[in-house]
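Line order of the protein sequences matches chains W and L.
All letters in the first sequence, in the order written, are residues 14 to 495 by the working numbering.
All letters in the second sequence, in the order written, are residues 14 to 495 by the working numbering.
Protein chains: 2
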Amino acid sequence: MKHTRIIDLLNNTKTLQEVTVKGWVRTFRNNQFIALNDGSTIHNIQCVVDFENTPEETLKRITTSAAICVKGTLVESQGAGQKVEVQVSKIEILGDSDAEKYPIQLRNRPSLEFLREQAHLRVRTNVFGAVMRVRSVLSFAVHKYFQEKGFYYVNTPIITGSDAEGAGEMFQVSALPFDNTPRTEDGKVDYKEDFFGKQTNLTVSGQLEAETYAMALGQVYTFGPTFRAENSNTSRHLAEFWMIEPEVAFNDLAANMDLAEDFIQYVIRYAVENCADDLKFLEGRLLEEEKQKPQAERSEMALLEKLNFVLENNFKRVSYTEAIDILKNSKPNKNKKFQYLIEEWGADLQSEHERFLVEKHFKCPVILFDYPAKIKAFYMRLNDGTEPGRETVRAMDILFPGIGEIVGGSQREERLDVLIEKMHALGIEEEELWWYLDTRRFGTAVHSGFGLGFERLVLFVTGMTNIRDVIPFPRTPQNAEF
Amino acid sequence: MKHTRIIDLLNNTKTLQEVTVKGWVRTFRNNQFIALNDGSTIHNIQCVVDFENTPEETLKRITTSAAICVKGTLVESQGAGQKVEVQVSKIEILGDSDAEKYPIQLRNRPSLEFLREQAHLRVRTNVFGAVMRVRSVLSFAVHKYFQEKGFYYVNTPIITGSDAEGAGEMFQVSALPFDNTPRTEDGKVDYKEDFFGKQTNLTVSGQLEAETYAMALGQVYTFGPTFRAENSNTSRHLAEFWMIEPEVAFNDLAANMDLAEDFIQYVIRYAVENCADDLKFLEGRLLEEEKQKPQAERSEMALLEKLNFVLENNFKRVSYTEAIDILKNSKPNKNKKFQYLIEEWGADLQSEHERFLVEKHFKCPVILFDYPAKIKAFYMRLNDGTEPGRETVRAMDILFPGIGEIVGGSQREERLDVLIEKMHALGIEEEELWWYLDTRRFGTAVHSGFGLGFERLVLFVTGMTNIRDVIPFPRTPQNAEF
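If you want it as structure tokens, here you go:
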């Protein structure tokens, strides 16, 4: 017996037809009204049970999260809140759910923290169902955007023998017997005996490999998991997260900023247009959450207003040097309210400074560019003609309200000699990156790219506040359950 | 100066316009004809240089893989092989390529084996450019299919603390200092000191986690990297590969087979329709390759014919029991040509048997189903009413000509008591999979899913014969370069 998905039933105006629905019970009121959900939408379909003609034994088993199959007639609903409902003629319990044992007792208003420990069940709640549907739609928007623009998707390696990128602490990967690793004569682990014959790690970025592909296919992007073994227990960091890294031959920094802005606006617009119901629900959730906060800390805009604001306004482009001037002369700097006071050009910006610029000063997404060379990675293009001691690179970071850095990118150093000089200065061996240097040896060209942390984008779009709540099974220090 | 991608130029019929093109030189003939490629398509654009008015110094630098920028007029081509060409008015060398040092000397007809060692440059060849573009288009087709059918994309964890699935040998992940790991009193590695506070591995499958999401969102799919630490140096195995795993609530085995067949046909059709030029080129490559083989070993069909055959014919559905009968009575079994002779029901099928069924007997893709319980995983649904000693499970494998197993799937055991009993029999601790068992405790229902090895699909569609040639940077025993 073919069943119909609830999202299709609710969009159906052809009433009086016989339907079969399968799903999980959300609530059962008055021994009569089942709110049934199948995950296809945030909305439930109301199933009206003829309780006088249904065995008491069956009625008792209609409990929260029980799986049931309902047959009946689709009719116009008399009640408020839904257009159609199902007048039940037959009900079958597919899988029971013991109400006393079910871990998520909605009447106790489970906290988001508690639900993290029930990551396998939390997606049955409205909040997490909505978040994960939005996440899925955003993922698709990422692929759709790039594919329609003629980019090619590249799966860069997850296990890597190169650790030169220096983006952060790495996890090591091994197939050696851990309790009893083979050793070389000087007592070190003998990686020649390991699966790959060398020491290997989990990737922190696919950028360097993606660059080699951009120098052949022209426009490429990655979208895959990346890893940081950093012991940071914050609401913005994960040990395992998904990153999107486009890389484009012949793009300079300005074109790179244009691409990033256009891309972000596209995927947000796609979510707004394709997740209306889930976003409306999440907007309400955020309003509720913010009521707990003092007035001054609440957002000035509701969720959808904030998303539309990003769509309708250009991102503000500000050079690092301008930003330092703004920060130096800002009230919190003068009143010594910043934890790290901005005293001179060259200072690395902290999260408090980024938030000031985005949330207080410009009140919109900001693209900072042309950073001091000293605080940025070796592969970024050195600007020509900057004065000694104040060298800058063609880097850009995009900062979002409430999120902080969402994108980090740059034009890449395409000149072999300059690149090698910078690697030497940082102690990176040429042999380590021979293949990366080959792209500069054979047909080098201006090219640029950026990395976007996907979970930070999902945070922004869903209005959630902890990054652990926007990925199905978060990996953080001391936590690899499931 | 904005440049136009070559794919757009070649589709352009508006001649006599001024254009700018950027790309890499493929060949330079007669000091006059540059074949320029920018990766957007397999086709080059011919750029005709006015060599009498171009400095000798510049002409010398137009070498294979040099990056150049050409300005000129798009005109109808007089030569064969292209509709339009560029009459060059200005040429700029962006990045030189020393012809003597460039590792890929096309005149030496580099082998695929040699090119694997140049994985960062091989994508500049026609073969690998075509393969990687097809791979990208197939990836998009995967997402498009599922999203249009109302499936939600789930990113299951890569680092996992659970090793119960038993699909194969696992890589271990750790942030401990390898040379000097902390130890417990009994001398074992003390994982409490590790990043996650426990022993962790790289995932071999996202299925179990995907099941928890299917039991909430209804229809989900994963598409991400998976890992096997198996020391198999074959043309069909990678240590790191990408897998697609849909999981659907309320689907039984028949619906699961329907989904898999429809899905595979959709993505192949999408590639045929969207990669015509690349596939035509790859078809020619395969024909060339097969000329080296004895007649009897050559494919009966050319590449596109083979793809269309899969699109136009239903997959043959055969039970394991029927397959065993066919194999027992087959010539190679009777003549003892099989390495593993089929003697009785219960035997595990080897690659030679699968190939016989697909390539010799049925000559089409085959879905084998209802396998003996003993040779399949614990989570597969036990068939009701089978005789003792001949218990079967609702498993299915899809076998493809030339590829072997491309899909493995099953209806899942939804009954808590049966599942626990099977886990006990295999020594899998209940505590290890408490969260997985919860899906059977709370609102269990019939559900099914499968896993498709993405690289095997790319192999089939591109007609390549070694799996290392269809992923950008292959990971195999002793090989984690780049």
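From the three backbone atoms N, C-alpha and C, an ideal C-beta is built for every residue, glycine too.
Predicted model, so just to flag it, every value in this text is computed and none were measured.
Contact with chain W by E222(L), beta-carbon distance below 9 Å: The residue labelled residue 222(L) in the question sits at position 209 within the second sequence. Chain W, which has a Cβ nearer than 9 Å to the Cβ of E222(L), makes this yes.
N139(W): first and last residue of the uninterrupted alpha helix (DSSP H) it sits in: Residue mapping note: residue 139(W) aligns to position 126 of the first sequence, counting from 1. N139 to E161 is the span of the alpha helix (DSSP H), which, as asked, contains N139(W).
Give me the Cβ distance between V34(W) and V83(W), rounded to the nearest whole Å; I'm assuming they're in contact under 8 Å. Locating residue 34(W) in the first sequence gives position 21, where the first residue counts as 1. Locating residue 83(W) in the first sequence gives position 70, where the first residue counts as 1. Indeed, because the Cβ distance is near 5 Å, the residues count as touching under 8 Å.
Quick one: is L439(W) buried, meaning 16 or more other Cβ sit within 10 Å of its Cβ, or exposed? Mapped onto the first sequence, residue 439(W) falls at position 426. The residue is exposed, with fewer than 16 neighbouring Cβ atoms inside 10 Å.
Residues from the stretch 142-163 of chain W in contact with chain L, defined by Cβ distance under 7 Å: Hits within the stretch, in order: G142, M145, R146, S149, S152, F153, H156, Q160 and G163.
Can you give me the C-alpha to C-alpha distance between G421(L) and R454(L), rounded to a whole angstrom? Walking along the second sequence from the start, residue 421(L) turns up at place 408. Walking along the second sequence from the start, residue 454(L) turns up at place 441. Taking the straight line joining both Cα atoms gives about 26 Å.
For the stretch 237-257 of chain W, enumerate the residues whose C-beta is nearer than 8 Å to any C-beta of chain L, in chain order. Going along the stretch 237-257 of chain W in chain order, one finds G237, P238, F240, A242, N244, A252, E253 and W255 with a Cβ nearer than 8 Å to chain L.
Rounded C-beta distance between A143(L) and L295(L)? I'm assuming under 8 Å. Translated into the one-based positions of the second sequence, residue 143(L) becomes position 130. Translated into the one-based positions of the second sequence, residue 295(L) becomes position 282. Right, their Cβ atoms sit about 5 Å apart.
Find the residues of chain L that neighbour Y392(W), judging by a C-beta separation of less than 7 Å, and give them in chain order. Here residue 392(W) refers to the residue found at position 379 when the first sequence is read from its first residue. Below the 7 Å Cβ cutoff, chain L contributes no neighbours of Y392(W), its closest Cβ being approximately 15 Å away.
Range of the contiguous beta strand (DSSP E) that encloses A408(L): On the second sequence, residue 408(L) is found 395 positions in, with the first residue counted as 1. Counting along the chain, the beta strand (DSSP E) containing A408(L) begins and ends at T405 to F413.
Could you tell me the alpha carbon to alpha carbon distance between G466(L) and W448(W), rounded to whole angstroms? The count along the second sequence starts at 1 and reaches residue 466(L) at position 453. The count along the first sequence starts at 1 and reaches residue 448(W) at position 435. Going from the Cα of G466(L) to the Cα of W448(W) covers about 28 Å.
Can you grab the Cα-Cα spacing for the pair Y392(L) / L432(L), in whole Å? In the second sequence, residue 392(L) corresponds to position 379, counting from 1. In the second sequence, residue 432(L) corresponds to position 419, counting from 1. Y392(L) and L432(L): Cα-Cα distance of roughly 7 Å.
If we cut at 9 Å on Cβ distances, does V474(W) have a partner in chain L? To locate residue 474(W), count along the first sequence from 1; it is residue 461. Taking Cβ atoms only, chain L never reaches closer than 9 Å to V474(W), which makes this a no.
Would you kindly report the start and end of the unbroken beta strand (DSSP E) that includes G402(L)? Here residue 402(L) refers to the residue found at position 389 of the second sequence. Counting along the chain, G402(L) falls outside any beta strand (DSSP E), and DSSP gives it neither H nor E.
Could you give the DSSP three-state label for V331(L): helix, strand or coil? Residue mapping note: residue 331(L) aligns to position 318 of the second sequence, counting from 1. Secondary structure of V331(L) (DSSP, three-state): strand.
Rounded to whole angstroms, what is the Cα-Cα separation between I19(L) and T28(L)? One-based indexing of the second sequence puts residue 19(L) at position 6. One-based indexing of the second sequence puts residue 28(L) at position 15. Rounded to the nearest angstrom, the two C-alpha atoms are 14 Å apart.
Hey, is Y283(L)'s beta-carbon within less than 9 Å of any beta-carbon in chain W? Locating residue 283(L) in the second sequence gives position 270, where the first residue counts as 1. Answer no: the Cβ-Cβ gap between Y283(L) and chain W never drops below 9 Å.
Under three-state DSSP, which class holds M270(W)? What you label residue 270(W) is simply residue 257 of the first sequence in a count that begins at 1. The answer is helix: DSSP assigns M270(W) an H, G or I state.
Pick helix, strand or coil for N25(L), following the three-state DSSP scheme. Here residue 25(L) is taken as the residue at index 12 of the second sequence, counted from 1. Of the three classes helix, strand and coil, the one that applies to N25(L) here is coil, per DSSP.
How about K329(W) and C377(W): are their beta carbons less than 9 Å apart? Taking the first residue of the first sequence as position 1, residue 329(W) is located at position 316. Taking the first residue of the first sequence as position 1, residue 377(W) is located at position 364. Taking 9 Å as the Cβ cut-off, K329(W) and C377(W) qualify as a contacting pair.
Quick check: what's the CA-CA separation for P259(W) versus D275(W)? Counting from 1 along the first sequence, the entry for residue 259(W) is found at position 246. Counting from 1 along the first sequence, the entry for residue 275(W) is found at position 262. Cα to Cα, P259(W) sits roughly 13 Å from D275(W).
So which of E494(L), P490(L), N492(L) and E468(L) has the shortest CA-CA distance to D482(L)? Taking the first residue of the second sequence as 1, we reach residue 482(L) at position 469. It is E468(L) whose Cα lies nearest to the Cα of D482(L).
Partner residues on chain L for N492(W), Cβ-Cβ distance less than 7 Å: Counting from 1 along the first sequence, the entry for residue 492(W) is found at position 479. Under the 7 Å cutoff, chain L gives F209.
Test: R407(W) CB closer than 9 Å to a CB of chain B: This model lacks chain B altogether, as its protein chains are W and L.
In the DSSP assignment, find the beta strand (DSSP E) that holds M256(W) and state where it starts and stops. For this step, residue 256(W) is matched to residue 243 along the first sequence. Where M256(W) is concerned, the enclosing beta strand (DSSP E) starts and stops at E253 to A262.
Is the Cβ-Cβ distance between R129(L) and R137(L) less than 9 Å? Within the second sequence, residue 129(L) is the residue found at index 116, counting from 1. Within the second sequence, residue 137(L) is the residue found at index 124, counting from 1. No, the pair does not count as a contact, with Cβ atoms beyond the cut-off.
From A336(L) to A268(L), what does the alpha carbon distance come to, in whole angstroms? Within the second sequence, residue 336(L) is the residue found at index 323, counting from 1. Within the second sequence, residue 268(L) is the residue found at index 255, counting from 1. A336(L) and A268(L): Cα-Cα distance of roughly 21 Å.
Which residues in the same chain as T194(W) place their Cβ atom closer than 6 Å to its Cβ, once the five residues preceding and following it in sequence are excluded? Position 181 of the first sequence, counting from 1, holds the residue named residue 194(W). Excluding sequence neighbours, T194(W) sits near V202.
I'd like to know if M270(L) contacts chain W, where contact means its C-beta is closer than 9 Å to some C-beta of that chain. Position 257 of the second sequence, counted from the first residue, corresponds to residue 270(L). Chain W contact via Cβ: absent.
Going by C-alpha distance, which of L316(L), M409(L), V280(L) and I355(L) is nearest Y158(L)? If you number the second sequence from 1, residue 158(L) lands on position 145. The shortest C-alpha separation from Y158(L) is found at V280(L).
Three-state secondary structure (DSSP) at G94(W)? Counting from one through the first sequence, the residue named residue 94(W) turns up at place 81. Taken through DSSP and simplified to helix, strand or coil, G94(W) comes out as coil.
Is the Cβ of L266(W) closer than 9 Å to any Cβ of chain L? Within the first sequence, residue 266(W) is the residue found at index 253, counting from 1. By this cut-off, L266(W) is not an interface position.
Enumerated in chain order, which unbroken segments of the beta strand (DSSP E) with a length of 3 residues or greater are wholly contained in the stretch 320-382 of chain W? 329-332
Applying a beta-carbon distance threshold of less than 7 Å, which residues of chain L neighbour W37(W)? Here residue 37(W) refers to the residue found at position 24 when the first sequence is read from its first residue. Chain L residues near W37(W): G456.
G359(W) at chain L interface by Cβ criterion, 9 Å: Locating residue 359(W) in the first sequence gives position 346, counting from the first residue. By this cut-off, G359(W) is not an interface position.
Assigned exposure category for P170(W) - 16 Cβ within 10 Å defines buried: Translated into positions along the first sequence, residue 170(W) becomes position 157. The residue in question, P170(W), is buried, as its Cβ has 16 or more Cβ neighbours within 10 Å.
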